[in-house]
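Asker: Dumping the structure here so I can ask a few things about it.
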Amino acid sequence: MLSTVLSALLALALLALDQWVKRMITLTLPLGEARPLLPGFVELRTVHNYGAAWSSFSGMRWLLVAATSCIVLALLALLVRRVVRHPLGVLACCLIVSGGLGNILDRARLGYVVDMFNFQFMDYPVFNVADMCIVSGCVLGLVYYQWFYEKYDKRGKADGNADAPASGG
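In this note's numbering, the protein residues as written are 39 to 207.
In structure tokens, the structure reads:
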């Protein structure tokens, strides 16, 4: 239970950080301009993303809000119903919910998502704190599902004798 509370608090803090960073970038760095953050590695660049990753579904604001809302609600249902109980799975869900909410707020309020982190050493989309939460949550979710779900959170089989050896008849 403590891990669930801590994960939820972390998710709320990251949601607040996401919104604060987006606000500060919008106020201090004009659209399209860049400023070094870690020279040669990451720069701050204000971008308005009207789509999802790699600008996919660009211009489909309400479809993206609806799809992201469905994912967020599904993960919240998994948490509330305690389908996911292992701390790693709970953390993964909370991170994805936090990032999803951060981008939903932008899309609903502004019509686009504010992105600001740009890798200088490779061609990769400009991203934000919410995107980092989503990607980190997905990676942790895969690790959880691969190594922990079966042992800790999978419900019992429908037939109580499913693991019993077959009787030779």
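Heads up, the beta-carbon is just placed ideally off N, CA and C, and yes, glycines get one too.
#1: Tell me which same chain residues have a C-beta within less than 7 Å of the C-beta of residue 169, skipping the five on either side of it?
#2: Alpha carbon to alpha carbon, how far is residue 122 from residue 188?
#3: When the Cβ atoms of the stretch 101-118 are set against those of the stretch 152-171, are three or more pairs found closer than 8 Å?
#4: Drop a sphere of 10 angstroms on the beta-carbon of residue 184, count the other beta-carbons inside from all chains shown, and report buried for 16 or more, exposed for fewer.
#5: So what's residue 188 in DSSP terms, helix, strand or just coil?
#6: For residue 153, I'd like the list of residues in its chain whose CB is within less than 7 Å of its CB, leaving aside the five on either flank, ordered along the chain.
#7: Short check: CB of residue 141 to CB of residue 128, under 7 Å?
Answerer: Put simply:
#1: For residue 169, where only same-chain residues beyond five positions count, the Cβ hits under 7 Å are 137.
#2: Whole-angstrom Cα-Cα distance: 11 Å.
#3: Contact between the stretch 101-118 and the stretch 152-171 is absent, because fewer than three Cβ pairs lie under 8 Å.
#4: Taking a 10 Å sphere around the C-beta of residue 184, we find fewer than 16 other C-beta atoms and assign the residue as exposed.
#5: Three-state result, residue 188: helix.
#6: So the qualifying residues of the chain are 85, 87, 164, 165, 166.
#7: Taking 7 Å as the Cβ cut-off, residue 141 and residue 128 do not qualify as a contacting pair.
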